[in-house]
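K.L.:
Start counting the sequence shown at 1; every next residue gets the next number (full-length UniProt numbering).
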Amino acid sequence: MDLPPLQETETPYGRFTEGSAERRGGFDLRLQPYVTTTDEDGSIVYEEEDFPLLWTIIRRDDTRALEQYLVTAQWAIPRAPAIPVGLQEYSADLDYFLFAAQRGALGVLQMLLAHGTESNDPHPSTEIRFKDRGYELLNVAARWGHFDMVKFLLENQPLYADLHGRDPKGFTPITSAADFYSTRFLVAPFPGGVSSIRNEAVINLLLDRGACACDVVLPTGGREKSPDTLLTLAVRWAGPELLKTLIERGADIHAKVIKSKWGLRFWNETGETFEADALFIACTVANFNAVETLIDYSGVDAIEIIHSRDSRGSLPIHWATQNALADGSGQCSAWLLRERVQNITSIIGHLLDLDPTTINAQDNSGNTPLHYATRAIGRHDELYSPVLKLLCDRGGDSSIRNNKGQTPLHTLFKRDGIEPRYETTDEYAPVIDTSAIFTLLAHGANATDVDDDGNTPLHYVAEILHYANAVSVLLDSGADPTRRNLNQETALHRAARGHYRSMHWRITAEERIEAQEDMMQRGSVHDNCVKKSGMRGESVTFQRRKEHWVDQMAVEEVEKVEKVEEVEEVEVVEVVEEGRVEA
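1. Cα-Cα, which of Tyr13, Gly405, Val35 is closest to Asp41?
2. Which whole-angstrom value is the C-beta distance of Ile347 and Ala373, which I expect to be below 8 angstroms?
3. I need the straight-line Cα distance from Leu294 to Val285, nearest angstrom please.
4. Under 6 angstroms Cβ to Cβ from His443, same chain only, skipping five residues before and after it: list those, please.
5. If Ala278 sits next to Val235, beta carbons under 8 angstroms apart, how far is it from one beta carbon to the other, in whole angstroms?
6. Which full runs of the alpha helix (DSSP H) of 4+ residues lie inside the region 37-85, going along the chain?
7. Roughly how far, in whole angstroms, is the beta-carbon of Arg379 from the beta-carbon of Ala445, given that I think they are within contact range, below 8 angstroms?
8. Alpha carbon to alpha carbon, how far is Pro219 from Ala114? Give it in angstroms, no decimals.
9. Could you tell me the alpha carbon to alpha carbon distance between Cys212 and Ile344, rounded to whole angstroms?
10. Do you know offhand how far His493's Cα is from Tyr467's?
11. Hey, is the region 156-175 in contact with the region 214-228, meaning 3+ C-beta pairs nearer than 8 angstroms?
12. Thinking C-beta only, is Pro158 closer than 8 angstroms to Thr183?
13. If you measure between the beta carbons of Leu53 and Ile77, is that distance less than 8 angstroms?
14. Whose C-alpha, out of Ser226, Ile247, Thr273, Gly222, is nearest the C-alpha of Asn204?
15. Compare the beta carbon distance of Ser196 and Ala142 with 8 angstroms and say whether it is the shorter of the two.
16. Helix, strand or coil for Ala276, going by three-state DSSP, please let me know.
17. Excluding the five sequence neighbours on either side, which residues of its own chain have a C-beta within less than 7 angstroms of the C-beta of Arg129, listed in chain order?
18. If you drop the 5 nearest sequence neighbours on each side, which residues of the same chain put their C-beta closer than 6 angstroms to that of Ala105?
19. Which residues in the same chain as Thr63 place their Cβ atom closer than 7 angstroms to its Cβ, once the five residues preceding and following it in sequence are excluded?
20. Mark Pro316 as exposed unless 16 or more other C-beta atoms lie within 10 angstroms of its C-beta, in which case mark it buried.
21. Write down the C-beta distance between Leu409 and Gly454 rounded to the nearest angstrom, noting that I regard them as a contact closer than 8 angstroms.
22. Closer than 6 angstroms by C-beta to Lys414: which residues in its own chain qualify, once you throw out the five before and the five after it? Chain order, please.
23. Could you work out which residue in Thr72, Pro168, Thr117, Trp55 is closest to Arg103 when comparing CA atoms only?
24. Return the chain-ordered list of same chain residues with a C-beta closer than 8 angstroms to the C-beta of Phe274, the five sequence neighbours on each side being excluded.
25. Quick check: the Cα distance between Asn469 and Pro227, rounded to an integer number of angstroms?
26. For Gly366 versus Asn323, is the C-beta spacing smaller than 8 angstroms?
27. Quick one: grab the DSSP three-state call for Arg249.
28. Whose CA, out of Thr232, Asp162, Asn156, lies closest to the CA of Val291?
29. Once you ignore the five residues that flank Gly395 on each side, which residues in its own chain have a CB closer than 8 angstroms to its CB?
30. Under the rule that 16 or more other beta-carbon atoms within 10 Å means buried, what is Gly192, buried or exposed?
31. By the DSSP assignment, the alpha helix (DSSP H) with Ser472 in it spans what residues?
32. Between Glu47 and the rest of its own chain, which residues show a CB-CB distance below 6 angstroms, the 5 nearest in sequence each way excluded?
33. Excluding the 5 residues flanking Lys225 on each side, which residues of the same chain have their C-beta closer than 8 angstroms to its C-beta?
34. Less than 8 angstroms separating the beta-carbons of Trp144 and Val194?
35. Which same chain residues, not among the five before or five after Thr439, have their C-beta less than 6 angstroms away from its C-beta?
36. Exposed or buried, Leu337, counting other C-beta atoms within 10 Å across all chains shown (16 or more means buried)?
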């Protein structure tokens with residue numbers, strides 16, 4: 001049985017009635033002289049300091065209340081062309097034109113603009129712009145996918161908008177609409193949330209009205225090249241139909257844009273910026289449909305395009321495996337990682353199907369796709385393991401070293417301080433999934449490998465106090481806790497200054513000390529056992545685990561082959577039964 005709908009216990013503007021001051025401790029915040037309108041029940045409501053009533057009216061897109069409000073507060077809406085400056089006079093925090101545009105409150109925005117442009121001047125302003133406030137109305141409406149508002153503003157050019165106008169960040173209306181990826185995880189300032197469908201509709205509307213498919217975002221901050229084209233913005237989220245439309249209307253697939261290592265959270269850059277095109281961007285955000293579309297419509301041979309390198313010497317497969325959750329928050333939720341991993345593996349599989357020889361390709365830094373995969377967000381989570389397994393199954397060699405002497409087993413644990421902080425989906429109890437370690441050890445990596453700084457993988461993981469299970473695996477595999485790096489540090493030294501990463505603020509001093517002692521004891525006990533047995537290298541325990549792991553992978557491969565054969569047999573039987581195969 002469905003529950004009855006909840007009844008509102010208060011009218012929309014009940015908090016602004018005359019008696020509301022008494023309910024809030026007797027403080028009368030009403031503006032003097034009074035600015036009023038009426039509630040739905042006819043009661044008089046009063047504006048307060050900082051204009052919260054006007055804010056509420058705009059949020060509700062309530063033209064009835066706004067019309068009455070303006071009768072007693074015409075001064076609240078400055079006359080054009082002083083709208084931007086006038087806003088600062090009354091409240092620097094409340095820009096109600098911007099708020100209305102973000103909310104998609106078309107009725108209220110129309111009324112605000114109409115009121116603000118009323119003038120007795122025989123030569124009124126022909127353009128009302130908000131660039132001095134840091135935005136343009138059409139760009140804001142387009143960014144949030146408000147189709148009807150965009151249409152209204154386009155129909156009122158040049159008074160309120162310009163189809164080709166740029167905001168202070170260098171965006172035009174159409175590039176603003178294409179910048180959906182940067183808003184997809186934000187709390188939308190309107191009911192229902194953001195929608196790629198709405199943004200796509202806005203882009204098509206702008207194209208039909210004359211916007212350019214080869215538009216770019218102008219560089220800022222002293223840069224000489226554009227940080228984005230319309231296409232590089234769209235490939236982050238758009239589907240094949242929109243991308244085909246843009247390409248057919250002139251978007252350049254091969255146009256290079258400038259990207260920042262900090263913006264993409266890449267970890268191995270020596271310079272601050274580098275160049276890349278739309279295919280690289282599509283790979284790094286794991287938009288499989290975009291990758292397919294760009295390769296199909298590139299105008300060149302598929303092998304040639306997947307062998308194209310960026311200014312770092314990286315191939316598209318490097319970008320796909322270096323994939324980051326580029327929402328800027330560093331969050332690593334389970335549902336997002338699960339979705340992202342599925343797309344990453346699809347892209348990797350597609351690129352390797354086109355050319356399997358790229359599996360161990362090295363870029364200018366010596367990194368292979370496996371190196372990048374072991375540095376991706378979520379890499380220590382069980383949900384991420386299919387990426388590493390796919391790369392290794394397709395020939396990935398985890399013994400290859402980069403220019404710093406690091407194997408993928410080193411980079412699995414090493415941090416340079418630039419990646420988002422979450423490596424697992426459980427922020428409160430992050431424990432590494434050891435299958436990643438076993439996968440790398442089974443495909444060439446060795447726990448005793450030393451990089452150019454003299455560090456073994458154990459040096460890096462010993463610092464992470466909640467990864468004691470990983471320490472045990474490495475010790476079982478022959479890692480030496482007493483081996484010193486170039487700074488004369490052992491893994492035990494690293495453990496002594498270990499930390500809980502993102503959990504440090506929730507951990508007491510006693511808990512940290514206990515974890516440090518546990519980590520150091522594991523190393524000490526293991527070292528004593530090795531000395532007594534006279535054994536170095538892989539322990540019996542690890543040898544058994546490794547053999548089991550290799551056997552398990554072999555069984556999985558056999559099962560895959562058997563499934564394929566079963567499917568083929570069923571297909572043949574079905575064909576015979578349908579009479580399509582002659583005896």
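Note that the Cβ used here is the ideal one computed from N, Cα and C, for glycine as well.
P.N.:
Short version:
1. Tyr13
2. The Cβ separation is near 12 angstroms, so there is no contact.
3. 14 angstroms
4. Cys392, Ser398
5. The Cβ separation is near 5 angstroms, so the contact holds.
6. 52-59, 63-72
7. Contact doesn't hold; Cβ gap of about 14 angstroms is too wide.
8. 34 angstroms
9. 31 angstroms
10. 16 angstroms
11. yes
12. no
13. no
14. Ile247
15. Pairing Ser196 with Ala142 gives a Cβ-Cβ distance that is not under 8 angstroms.
16. Look at Ala276 here: in three-state DSSP terms it is strand.
17. Glu136
18. If we look at Ala105 and ignore the five residues flanking it on each side, its Cβ neighbours are Ile58, Asp61.
19. Gly107, Val108, Met111
20. buried
21. That pair is no contact at about 15 angstroms.
22. Tyr460
23. Trp55
24. Ile258, Lys259, Lys261, Asp310, Ser311, Arg312
25. 43 angstroms
26. Cβ distance not < 8 angstroms, so Gly366 and Asn323 don't count as in contact.
27. Here Arg249 carries a coil assignment [DSSP, helix/strand/coil].
28. Thr232
29. Pro356, Ile359, Asn360
30. exposed
31. 468-476
32. Once the five neighbours on either side are set aside, the close Cβ partners of Glu47 are Leu31, Val35, Leu53.
33. Counting only residues of its own chain and dropping the five nearest sequence neighbours on each side, Lys225 has a CB closer than 8 angstroms to the CB of Pro219, Lys256, Val257, Ile258, Glu275.
34. The beta carbons of Trp144 and Val194 sit closer together than 8 angstroms.
35. Leu388, Lys389, Cys392
36. buried
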